[in-house]
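**Student:** Below you will find the structure I want to go over with you.
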Amino acid sequence: MLSLVLRRLFRAALWFAAGSIVLVLILRWVPPPGTALMVERKIESWIDGEPIDLQRDWEPWERISDDLKVAVIAGEDQKFASHWGFDFSAIQAALAHNERGGSIRGASTLSQQVAKNQFLWSGRSWLRKGLEAWFTALIELLWSKERILEVYLNSAEWDDGVFGAQAAARHHFGVDASKLTRQQASLLAAVLPNPRNWSASRPSSYVARRAGWIRQQMSQLGGDSYLEQLR
Numbered sequence: 001m002l003s004l005v006l007r008r009l010f011r012a013a014l015w016f017a018a019g020s021i022v023l024v025l026i027l028r029w030v031p032p033p034g035t036a037l038m039v040e041r042k043i044e045s046w047i048d049g050e051p052i053d054l055q056r057d058w059e060p061w062e063r064i065s066d067d068l069k070v071a072v073i074a075g076e077d078q079k080f081a082s083h084w085g086f087d088f089s090a091i092q093a094a095l096a097h098n099e100r101g102g103s104i105r106g107a108s109t110l111s112q113q114v115a116k117n118q119f120l121w122s123g124r125s126w127l128r129k130g131l132e133a134w135f136t137a138l139i140e141l142l143w144s145k146e147r148i149l150e151v152y153l154n155s156a157e158w159d160d161g162v163f164g165a166q167a168a169a170r171h172h173f174g175v176d177a178s179k180l181t182r183q184q185a186s187l188l189a190a191v192l193p194n195p196r197n198w199s200a201s202r203p204s205s206y207v208a209r210r211a212g213w214i215r216q217q218m219s220q221l222g223g224d225s226y227l228e229q230l231r
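Just so you know, the sequence shown maps onto residues 1 to 231 in the UniProt record's numbering.
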């Protein structure tokens with residue numbers, strides 16, 4: 001009986017691995033129709049009795065402001081161009097910080113965030129972390145850095161029900177994603193750690209300071225020229 005169970009589990013694992021590889025490979029070229037996080041937010045709104053309409057319009061790489069691309073990297077993952085999906089020094093620093101108590105600090109790269117938001121559910125279980133690592137490795141192997149950032153910018157949450165750069169730009173500033181200014185881009189990047197409580201269009205003093213710090217980091221990274229490293 002144990003042998004039969006193990007064989008079936010092994011077979012199921014092989015099917016899962018093959019299916020996930022095919023899915024990630026398809027999404028290398030096909031725009032994802034949505035994300036697991038979008039489904040989660042929709043279900044949450046139904047449970048709360050206040051259904052929301054999800055806002056999201058896919059925009060290709062060329063129609064997203066370069067300032068927003070650099071701002072997100074500056075604010076979320078400055079080693080994005082050089083790492084292979086995991087920033088181990090940031091992970092060690094986060095673990096040390098969390099052991100001291102107080103607020104919990106994360107260390108997810110943009111690649112990990114894409115893996116989590118696109119394919120998985122929210123939570124902190126070891127199973128979800130293991131699957132996150134698996135999908136992170138897959139997208140780093142099968143997608144270019146440009147594609148990872150493109151998918152991230154089209155799936156990030158910027159307010160309740162507001163997903164992706166185009167919906168965020170229209171929701172907060174009334175412009176297309178391609179027309180975002182450097183300041184607007186930095187404000188959008190500044191709220192990413194907590195987009196449901198912080199507003200890019202009505203920034204608190206903390207968000208405004210963080211946006212200013214992001215603009216400084218954008219300059220230190222080399223501005224738009226940083227994006228050449230993603231090709």
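Idealized CB from N, CA, C, for every residue including glycine.
Determine, using beta carbons only, whether E146 and W61 come nearer to each other than 9 Å.
**Tutor:** Counted from its first residue, the sequence shown places residue 146 at position 146. Counted from its first residue, the sequence shown places residue 61 at position 61. Yes, they are a contact pair.
**Student:** Around the Cβ of residue 236, are there at least 16 other Cβ atoms within 10 angstroms (buried) or fewer (exposed)?
**Tutor:** Summary: the structure shown does not reach residue 236, with the chain confined to residues 1 through 231, and so no result is reported for it.
**Student:** For W143, is the classification buried or exposed, using 16 other Cβ atoms within 10 angstroms of its Cβ as the cut-off for buried?
**Tutor:** Residue numbering aside, residue 143 sits at position 143 when the sequence shown is read from its first letter. Under this definition W143 is a buried residue.
**Student:** Report the residue ranges of all beta strand (DSSP E) runs contained in full by the segment 114-167; include only those spanning at least 3 residues, in chain order.
**Tutor:** Taking only runs of at least 3 residues, the beta strand (DSSP E) segments lying wholly in the segment 114-167 are 157-159.
**Student:** Sorted by chain position, which residues of the same chain lie with C-beta nearer than 8 Å to S103's C-beta, five sequence neighbours on each side aside?
**Tutor:** Sequence index remark: in the sequence shown, residue 103 carries index 103 (1-based). Below a pLDDT of 50, predicted positions are generally treated as unreliable, and S103, at 48, falls in that range; no measurement from the model is reported.
**Student:** According to the Cβ coordinates, are G75 and S186 closer than 9 Å?
**Tutor:** Within the sequence shown, residue 75 is the residue found at index 75, counting from 1. Within the sequence shown, residue 186 is the residue found at index 186, counting from 1. Against a cut-off of 9 Å, the Cβ pair of S186 and G75 comes out as a contact.
**Student:** Report the rounded CA-to-CA distance for K69 versus L149, giving the unit in angstroms.
**Tutor:** Position 69 of the sequence shown holds residue 69. Position 149 of the sequence shown holds residue 149. When rounded, the distance between both Cα atoms is 8 Å.
**Student:** Could you tell me which whole alpha helix (DSSP H) segments of length 4 or greater appear in the segment 59-86?
**Tutor:** Runs of the alpha helix (DSSP H) inside the segment 59-86: 66-76.
**Student:** Checking 9 Å against the spacing of the C-beta atoms, do Y226 and I73 come in under that value?
**Tutor:** Locating residue 226 in the sequence shown gives position 226, where the first residue counts as 1. Locating residue 73 in the sequence shown gives position 73, where the first residue counts as 1. Taking 9 Å as the Cβ cut-off, Y226 and I73 qualify as a contacting pair.
**Student:** Near R215, what residues of its chain come up, given a Cβ to Cβ distance below 6 Å and the 5 sequence neighbours on each side ignored?
**Tutor:** Position 215 of the sequence shown, counting from 1, holds the residue named residue 215. Excluding sequence neighbours, R215 sits near S186.
**Student:** Just the Cα atoms here: how many angstroms apart are A71 and E132?
**Tutor:** Taking the sequence shown and counting its residues from 1, one reaches residue 71 at position 71. Taking the sequence shown and counting its residues from 1, one reaches residue 132 at position 132. Distance between the alpha carbons of A71 and E132 is about 24 Å.
**Student:** Is the separation between the beta-carbon of D176 and that of R56 shorter than 9 Å?
**Tutor:** Residue mapping note: residue 176 aligns to position 176 of the sequence shown, counting from 1. Residue mapping note: residue 56 aligns to position 56 of the sequence shown, counting from 1. No. Outside cutoff.
**Student:** Please look up how many angstroms separate the CB atoms of W121 and E228, rounded, as I've assumed it's under 8 Å.
**Tutor:** Mapped onto the sequence shown, residue 121 falls at position 121. Mapped onto the sequence shown, residue 228 falls at position 228. About 36 Å; that fails the 8 Å criterion.
**Student:** Would you call the CB atoms of A169 and L188 closer than 9 Å?
**Tutor:** Stepping through the sequence shown from its first residue, residue 169 is reached at position 169. Stepping through the sequence shown from its first residue, residue 188 is reached at position 188. Their beta carbons are under 9 Å apart, which means A169 touches L188 by this criterion.
**Student:** Within a Cβ cutoff of 8 Å, which residues of the same chain sit near D159, ignoring the five residues on either side of it in sequence?
**Tutor:** Within the sequence shown, numbered from 1, the residue matching residue 159 stands at position 159. If we look at D159 and ignore the five residues flanking it on each side, its Cβ neighbours are A168, H171, H172, P195, R196 and S199.
**Student:** So what does DSSP say about W15, is it helix, strand or coil?
**Tutor:** Walking along the sequence shown from the start, residue 15 turns up at place 15. The answer is helix: DSSP assigns W15 an H, G or I state.
**Student:** Which partner residues does Q55 have in the DSSP bridge list?
**Tutor:** Reading the sequence shown from its first residue, position 55 is the one you call residue 55. Answer is V162, bridged to Q55.
**Student:** Quick check: what's the CA-CA separation for P193 versus S108?
**Tutor:** Counting from one through the sequence shown, the residue named residue 193 turns up at place 193. Counting from one through the sequence shown, the residue named residue 108 turns up at place 108. Taking the straight line joining both Cα atoms gives about 11 Å.
**Student:** Under the rule that 16 or more other beta-carbon atoms within 10 Å means buried, what is G164, buried or exposed?
**Tutor:** Mapped onto the sequence shown, residue 164 falls at position 164. G164 should be labelled buried.
**Student:** Can you tell which of I139, Q220 and R202 has the C-alpha that lies nearest to the C-alpha of V24?
**Tutor:** Within the sequence shown, numbered from 1, the residue matching residue 24 stands at position 24. Looking at the Cα atoms, I139 is the closest of the given residues.
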